[in-house]
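S.K.: Per this note's numbering, residue 1 is the first one in the sequence shown, and the count goes up by one each step.
Backbone N, C-alpha and C fix where the C-beta goes; we use that ideal spot for every residue, glycine too.
The structure presented is a predicted model; accordingly, all values stated were derived computationally and were not measured.
One structure, as structure tokens, below. Some questions next.
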Amino acid sequence: MPVCVSGPPTFPTSTCASTPSTVASTVLAGHVHVVAAAIRNPAGEYLLTLRGDHQHQGGKWEFPGGKVEPAESREAALARELHEELGIVPRRARPLIQIPHAYADKRVFLDVWLVEAFDGTPHPHEGQPMRWVSAAELAGLEFPAANRPILAALGLPDRYLITPPPGDDHVAFLGDLQAALAGGIRLVQLRAHRLPVPDLSSLAAEVIALAHHYDARVLVNGTPALAGRLGADGVHLRAALLGPNVTAEVAALRRAREGCLVGASCHGAAELARAAVIGADFAVLGPVAVTRTHPDAEPLGWTAFERLTRSTPLPVYALGGLGEADLPEAWRRGAQGVAAIRAFWGSPGVADA
């Protein structure tokens, strides 16, 4: 469900999910506000341009974009920059990630959009080298440091399924998981704290095999050591585990399992900061809204969620009382997407996580 952007050139309004946001609502004080576009073609390739040697961070590949002008909305800036730099008019775009980054000589706030449809043929009007690259090639290229979180965001889906407690009927559990995977879920957190380790090991093997059949990844909620023993694609860390001692455990897991993912549960700024320090790939932040599973938890609300996501370079999933219908608002507020339990399990679309 794309979010339409507006500004010169004019974008169609029929698919807009929300009104355009202003510069003041997004940029951090003291940062240079920059928009960038991850332009993806039907083959799944991304368009990159090479920064000139005379430019800041010169000689490195980047996602096209440029500075937001005073009083210009980020949507209008995106449209203007792509038209001026590449001669294209984006037709379907949505927010991807917002990245605060401090270089030695400047601080930037990178406002990144995923562009999946555009009019025109990209041509570098400023004469800079340009190339389309596959998603697999991105990791091998040199980017400005502020661009690196974009790669993390592009490698993550917009929905993150958290499994409910397995209970005693593992056959039914696996059936519900298969339905979710068939519905497009590609990232799963297996959360089964109450299972004895032998039972968890058996269930995890079946969950991982089933997920891999759908090219999905499974993270185990627990310690890095447990995730490694179970052969998972990564680990999801509870907030209580985000201390200094886990850094070495995360590093050991990454050495043992190349390409593994590390997620972290967070409830505020301090935990988001710790998640970044230990090297997490993404965070889950909430609850955003009231949930039936945790009715006494004080919800953050979207305003606080947006403020907190602007403080971290990590991709952040919104959690709590949300479902697939909330994706456009989550994107507008800076989220990678939505994490949920029941909304993505059993009866899709029911916000109950």
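1. Looking only at its chain, what residues have a beta carbon closer than 7 angstroms to the beta carbon of L82, apart from the 5 residues adjacent to it on each side?
2. Run through the DSSP bridge pairs and tell me what F282 is partnered with.
3. Looking only at C-alpha atoms, which of V277, A117 and D105 sits nearest to R94?
4. Near A216, what residues of its chain come up, given a Cβ to Cβ distance below 8 angstroms and the 5 sequence neighbours on each side ignored?
5. Would I150 pass as an interface residue toward chain C - the criterion being a Cβ-Cβ separation below 8 angstroms?
6. Taking one C-beta from the region 162-170 and one from the region 320-332 each time, how about it: are there three or more such pairs within less than 8 angstroms?
7. Quick check on DSSP: helix, strand or coil for F118?
8. For A24, collect the residues of the same chain with a Cβ closer than 8 angstroms to its Cβ; drop the 5 residues on either side in sequence, then sort them by chain order.
9. Pop quiz: A211 and V220 are said to be a contact at Cβ under 8 angstroms. What is the actual Cβ separation, rounded to whole angstroms?
10. Closest to Q98 by C-alpha separation, out of F282, A340, A297 and F344, would be which residue?
11. Could you tell me whether the Cβ atoms of T49 and P149 are closer together than 8 angstroms?
12. Looking at C-alpha atoms only, which residue of A335, L230, L327 and R332 is the closest neighbour of F344?
13. Which residues in the same chain as P315 place their Cβ atom closer than 6 angstroms to its Cβ, once the five residues preceding and following it in sequence are excluded?
14. Comparing C-alpha positions only, which one of G66, G268 and G231 sits nearest to A240?
15. Can you find at least 3 beta carbon pairs, one from the region 290-303 and one from the region 241-254, that sit closer than 8 angstroms?
16. Taking C-alpha atoms, which residue in L242, A280 and L261 lies nearest to E271?
17. Let me check understanding here. Comparing Cα to Cα, which of V171, S134 and D119 lies closest to L203?
18. Are the beta-carbon atoms belonging to V284 and S265 less than 8 angstroms from one another?
M.R.: Walking through what the data contain:
1. Taking the sequence shown and counting its residues from 1, one reaches residue 82 at position 82. These residues qualify, in order along the chain: A37, P64, I88 and P90.
2. Counting from one through the sequence shown, the residue named residue 282 turns up at place 282. For F282, which the question treats as bridged, DSSP gives the partners G263.
3. Counted from its first residue, the sequence shown places residue 94 at position 94. If we check each option's Cα against that of R94, A117 comes out closest.
4. Here the question's residue 216 lines up with position 216 in the sequence shown. So the list reads L181, I185, R186, L187 and V188, once near-sequence residues are dropped.
5. The structure shown contains no chain C; it holds only a single protein chain.
6. At 8 angstroms Cβ cutoff, the stretches do not touch.
7. In the sequence shown, counting from the first residue as 1, residue 118 sits at position 118. Here F118 sits in strand by DSSP.
8. For the purposes of this step, residue 24 is taken as residue 24 along the sequence shown, with counting starting at 1. Caution applies to A24, whose pLDDT of 39 falls short of 50 and renders its modelled position unreliable; the value that the coordinates give is listed next. Around A24: no qualifying Cβ.
9. Reading the sequence shown from its first residue, position 211 is the one you call residue 211. Reading the sequence shown from its first residue, position 220 is the one you call residue 220. In this structure A211 does not touch V220 by the C-beta definition: roughly 12 angstroms separates them, more than the 8 angstroms allowed.
10. Walking along the sequence shown from the start, residue 98 turns up at place 98. It is F282.
11. Here residue 49 refers to the residue found at position 49 of the sequence shown. Here residue 149 refers to the residue found at position 149 of the sequence shown. No, the pair does not count as a contact, with Cβ atoms beyond the cut-off.
12. Translated into the one-based positions of the sequence shown, residue 344 becomes position 344. Here the closest residue by C-alpha is L327.
13. By 1-based counting over the sequence shown, the position of residue 315 is 315. Excluding residues within five positions, the ones whose Cβ falls inside 6 angstroms are I97, A152, A153, L156, F282 and Q336.
14. What you label residue 240 is simply residue 240 of the sequence shown in a count that begins at 1. Checked all of G66, G268 and G231; the closest Cα to A240 is G268.
15. Output reads no: the region 241-254 does not touch the region 290-303.
16. On the sequence shown, residue 271 is found 271 positions in, with the first residue counted as 1. The shortest C-alpha separation from E271 is found at L242.
17. Sequence index remark: in the sequence shown, residue 203 carries index 203 (1-based). Minimum Cα distance to L203 is reached at V171.
18. As a position in the sequence shown, residue 284 is number 284, starting the count at 1. As a position in the sequence shown, residue 265 is number 265, starting the count at 1. A contact, by the Cβ cut-off of 8 angstroms.
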